[in-house]
Structure formats: C-alpha cells, structure tokens
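Novice: I am attaching a structure below and will ask some questions about it afterwards.
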Amino acid sequence: MNMELMGKFMKAVEKTKIKSCLKEGTLIHEYYKSNKIRDNLQRINSCTKSIISILIGIAIDKGIISSVDVTMVHYFPDIVNHQADPRKKDITIEQLLTMSVGLDWPEFGEWNYMPPMFTHDVVKFVFDRELVDDPGKRMNYNSGCSHILSAILTKTTGMKTSEFAEQYLFKPLGIDADYRWFEDAKGISYGSDGLRLHPYNLAKFGQLYLQDGVWKDKRIVSAEWIKKSTEPCLLTYEYIGHYASHWWVAKVDTNHDDFSLNNRMYFAMGRNGQFIIIIPSLQTVVVFTSTLDNTIKPLDFVREYLVMSMSNQ
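Mapping to UniProt numbering: the sequence shown position 9 is 9, numbers consecutive.
As structure tokens, then:
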C-alpha cells in the first residue's frame, strides 16, 4: 500500500464537509469530525434506496415476491386500473428497480431534487404522473419508484418495511433498533430517503455485499441477488455511470475502456455525499456521510487517492 497516497486521501477528506469516512476490507480505518457524529444517527438520504433493493432480494429469496417480473396491476389494481394509459398496468418490479418506468418525473430538473411526495397517498401520486416513455426504455431518476417498492414490501409481507428490515436484515447484522425510518401518511416507510443510521452500521451493508450475502457464516441474501442487483442495466449520466437495481455502477479507473468486474465499483449514493462504495477487486468497502454541496466528490477522492494507494501504482 502507498501510505503517502493514503495520507493525501485522509487530508483531502478532513478539509471538506465530510463528517465520517469508514473503510473496511483489507484495512479498517475510521474518521469522524467529532464523537457526536460517530454516536448520532445520520441521514443517509438516497442510500435508503439500496437498502430497499436488498430487502426486495430477501423477499424474493423467501418466495414472498415471486419475481421481478410481477406487474403493478397485481399489487395496486384499484389505482392502476383507473389510469387513462393502460401501459401503467404492465410496469414491473424490475422497471421500478431500474427506474425505467417511463413516468414524467423531473426530480433533477423542475423539482430540484425534492419531489413533492408528502401527500396523503404517495403511491397514487406516483402513478398519476403522465407516462412519457414506454416502460423499460430509459432510466430517469425517480424516488417514487423506491417508495412503491416499499409499499410492495408492506403489502406482500404484512409488515412495515422497517419491521421486515429489522427482522431479516438489521438484526442479523447486529443493528437491532439502532436506526430510525420515517413513514408517509399511510404508515409506509419512505423507500426513497427515509432512513437514518450510524455510519459504522452503513459499512455493514457494503461488507455484506462484498461477502456475497453472508454475514458471520449466515446467509442473509442470495449471491444471485447481489449479482443481479449490481449488474449495470442502463447508462445514466456520464459523470456517474450506469444504474442497476437501485445501485449505481461505475468504472474504478475512468481512463480505461475496460468495464469488467476488475474495473468496476458499485455504490449506494445519497444527496450531499452519502455513500456506500464497494470495490470487489480490492475487497474494500468505503462509507461516507457528509454535508457536501457536490454530491459525487467522495467518488473523486476514492479514485484519485484511495484506489491508487491500494493498487501498487
């Protein structure tokens, strides 16, 4: 390991609004701006979406959800059967996961990253949006998809998403009640950004994926789901990379055309620089919580300093 580059990485982190940085795998390192940040629950924003993906995988593994090909008319007949556009009936779980539902959703435009989802019936609000593309055609960032996935978990399990998560994901990881998950007016856990966790617990999700779904010799989610949920599906924004099933996927070294597993990292990403980054080729997990204006800055730090320091370059 190049300790000089590792030192530059930590100095770069400490000069920013990054509140915590944890690295697990071949090396364990923790940095917090203060003890308060270590001890308090942190907003993880849209990293919540990747937790939803894990929960969908667990539900499929258990046979609670039959497959990602199930359509919305199966879960919400009273809503989608009354939609003017019949194509909405055929939107699938797969398309929710890849945010390719085709609905008009200007989250990165007119709504300025803040979709107006605080209505009495969030699921209906999402489905009432106009369909502007055939479902499955292209990715358009849509937090409504994540909330519908949470609603599906609630319908299929008979539990709140937070309760299902606590029983089948959080407790097995040793998180127990050490979290907070906000709900909409109908008691559905916000699937888009409603979760608060300690940074050191965030790292456990990354380590779980690095270990192909096994934690302390116990299988939590199938290796098949981990592979599927992190397989790049749709190119999104060139400065980020591809979108998978509620995970982002990008090159480790952007100077190479190679996009094989050896040059691939996948990550959960939340506004203002919240990250769970998994780099399989380096057997490494990096977690950031921050209040950065530039959401993707931590990715730059990882590429410029951390990866180089560990690659013997």
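All C-beta atoms in this analysis are idealised placements derived from N, C-alpha and C, irrespective of residue type, glycine included. Being a predicted model, the structure only gives us computed values, none of them experimental.
(1) So, for residue 265: in the same chain, excluding its five sequence neighbours on each side, which residues have a beta-carbon less than 7 angstroms away from its beta-carbon?
(2) Using DSSP's beta-bridge definition, name the partner residues of residue 277.
(3) Taking just the CA atoms, how far does residue 92 sit from residue 67?
(4) So, for residue 61: in the same chain, excluding its five sequence neighbours on each side, which residues have a beta-carbon less than 7 angstroms away from its beta-carbon?
(5) Classify residue 76 as buried or exposed, calling it buried when 16 or more other Cβ atoms lie within 10 Å of its own Cβ.
(6) Determine the burial state of residue 260: buried for a count of at least 16 other Cβ atoms within 10 Å of its Cβ, exposed for fewer.
(7) Between the Cα of residue 99 and those of 281, 254, 236 and 300, spot the shortest distance and give me the residue it belongs to.
(8) Rounded to whole angstroms, what's the CA-CA distance from residue 6 to residue 247? Just pull it up for me.
(9) Less than 6 angstroms between C-beta atoms, sequence neighbours within five positions excluded: which residues of the same chain meet that for residue 183?
(10) Looking at the secondary structure, which residues open and close the beta strand (DSSP E) in which residue 248 lies?
(11) Apply the 10 Å Cβ neighbour rule to residue 43 and answer buried if 16 or more other Cβ atoms are within range, or exposed otherwise.
(12) When the Cα atoms are used, what is the spatial distance from residue 72 to residue 112?
(13) Look at the alpha carbon of residue 267 and the alpha carbon of residue 275, and state the distance between them as a whole number of angstroms.
(14) Below 6 angstroms CB to CB, which residues in the same chain sit around residue 70 once its five sequence neighbours on both sides are set aside?
(15) Assign residue 23 to one of three DSSP states: helix, strand, or coil.
(16) Determine, using beta carbons only, whether residue 101 and residue 89 come nearer to each other than 8 angstroms.
(17) So is residue 336 buried or exposed if we call it buried at 16+ other beta carbons inside 10 Å?
(18) Could you tell me which residues DSSP pairs with residue 200 in its beta bridges?
(19) The beta strand (DSSP E) with residue 225 in it runs from where to where?
(20) Grouping DSSP H, G and I as helix and E and B as strand, with all else coil, what is residue 53?
(21) Starting from residue 75 and walking both ways along the alpha helix (DSSP H), at which residues does that stretch end?
(22) When you compare each of 286, 297, 269 and 117 to residue 31 by their alpha carbons, which one comes out closest?
(23) The beta strand (DSSP E) that contains residue 180, what's its start and end?
(24) Between the Cα of residue 314 and those of 293, 244, 271 and 289, spot the shortest distance and give me the residue it belongs to.
(25) When DSSP builds the beta bridges, which residues end up paired with residue 18?
(26) Please classify residue 260: does DSSP put it in a helix, a strand, or coil?
(27) Exposed or buried, which one is residue 3 when buried takes at least 16 other CB atoms within 10 Å?
(28) Suppose you measure from the CA of residue 65 to the CA of residue 10; what does that come to, to the nearest Å?
Specialist: Answer, in terms of the structure:
(1) 250, 252, 277, 278 and 279
(2) 267 and 286
(3) 10 angstroms
(4) 221, 222 and 225
(5) buried
(6) exposed
(7) 236
(8) 26 angstroms
(9) 189
(10) 248 to 251
(11) buried
(12) 28 angstroms
(13) 7 angstroms
(14) 93
(15) strand
(16) no
(17) Residue coverage of the chain in this structure runs from 1 to 313, which leaves residue 336 outside it and unanswerable.
(18) Partner(s): none; residue 200 has no beta bridge.
(19) Premise fails: residue 225 lies in the alpha helix (DSSP H), 223 to 229, not in any beta strand (DSSP E).
(20) helix
(21) 72 to 75
(22) 286
(23) 179 to 181
(24) Outside the displayed span of the chain (1 to 313) sits residue 314, for which this structure offers no information.
(25) 290
(26) coil
(27) exposed
(28) 43 angstroms
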